[in-house]
Amino acid sequence: MEENISENRHATSNLAHPSEISKVPLEHFDAQLNENPRDYEISAKSFRGTTSLVSNSGTHMQEKPYACDMCSKAFRRNHHLKTHLRIHTKEKPYACEVCSKTFATGTYLKLHLRIHTKEKPYVCEMCSKAFTQSGHLKSHLLIHSREKHFVCEVCGKAFTHRSELTTHLSVHTKEKPYACEVCRKTFARSGDLKRHLLTHSEEKPYTCEICGMAFIQRRYLKLHLRIHTKEKPYVCEVCGKAFSLCCNLKSHVRTHAKE
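Numbering (UniProt numbering) for the sequence shown: 1 to 259.
What follows is the structure, encoded as structure tokens:
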């Protein structure tokens, strides 16, 4: 008798032929399926064959019993719902010990900390450029593959990233949804609006560490630094003269056109 029970248990654990499973007491199924509810998430229900068991398992795995009362989005696990609710409550219980910035999840905090640690674990095998997040590396790799999957239906121009296509579409629609609350000037991109707002605040957050001169935008600081580094990346193809600014090169090229 004990040997039969042992054999039946072995058959059940391996989902054997229905004819063998049907010999197993229904109570045995209930016990096995509820030994680890976190792994199975299956109700204590009995089945008479392999087909019905597998079918019901798939049904239960698709269930999302934890629904958000605010937006009706549903989740399979309760802790996923709790994390989601922070979107609505604006709760950010994870704080950075370096700058005190707060985050909704520990994962976001971990990613943020790489700003301070300078850790960039995701490295491009083609150019060795490193990134803090795997998603950023994936986006970067498209530059090397030269794949442009996002095509404008209006003019046919293709883009590497969806965000680039979205920005481009404003050229056709003339849509500029981002408006300055101070002067009502509108912009196609939120980043352009943010940079514009600095002109009203007179804030200059980008400071040269060499001479202390401050700038509204990072790109202005980058251009300024060439005064100190003597860097001149723009070279005339006619005479070889180099310039620190692209606009200066363009002006110079016109002098050759007049010759």
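Virtual Cβ for every residue (Gly too), placed ideally from N, Cα, C. Quick caveat, the model's predicted, so the values are computed rather than measured.
- Put simply, the stretch 202 to 217 does not touch the stretch 182 to 193. Fewer than three CB pairs are less than 8 Å apart.
- Taken atom to atom, the span from the alpha-carbon of Y220 to that of S244 is near 12 Å.
- At the C-beta level, F103 and H112 come within 8 Å of one another.
- In terms of CA proximity to K174, R189 leads the group R162, Y108, H136, R189.
- Just measuring C-alpha positions, the residue of P121, V238, K90, A242 sitting nearest A257 is V238.
- The continuous stretches of alpha helix (DSSP H) do not include V154, and DSSP gives it neither H nor E.
- In terms of Cβ geometry, L223 and Y234 do not form a close pair [threshold 8 Å].
- Judged by DSSP in its simplified three-state form, V253 adopts helix.
- For V123, the secondary structure class from DSSP, reduced to helix, strand or coil, is strand.
- Pairing H140 with K148 gives a Cβ-Cβ distance that is not under 8 Å.
- According to the DSSP assignment, D192 belongs to the alpha helix (DSSP H) that extends over 190 to 201.
- In this structure, the beta-carbon distance from F187 to K176 falls below 8 Å.
- Note that the C-beta distance between F131 and K118 is not below 8 Å.
- V98 sits in coil when the DSSP states are folded into three classes, being neither helix nor strand.
- Judged by DSSP in its simplified three-state form, V182 adopts coil rather than helix or strand.
- The shortest CA-to-CA distance from R218 to any of H196, E91, K230 is the one to H196.
- Per the coordinates, the alpha-carbon of F75 lies some 12 Å from the alpha-carbon of D69.
- Within the DSSP secondary-structure output, Y206 pairs in a beta bridge with F215.
- Between the beta-carbon of Y66 and that of R77 there is about 7 Å, and that keeps the pair under the 8 Å contact cut.
- Counting only the Cα atoms, Y108 lies some 18 Å from K138.
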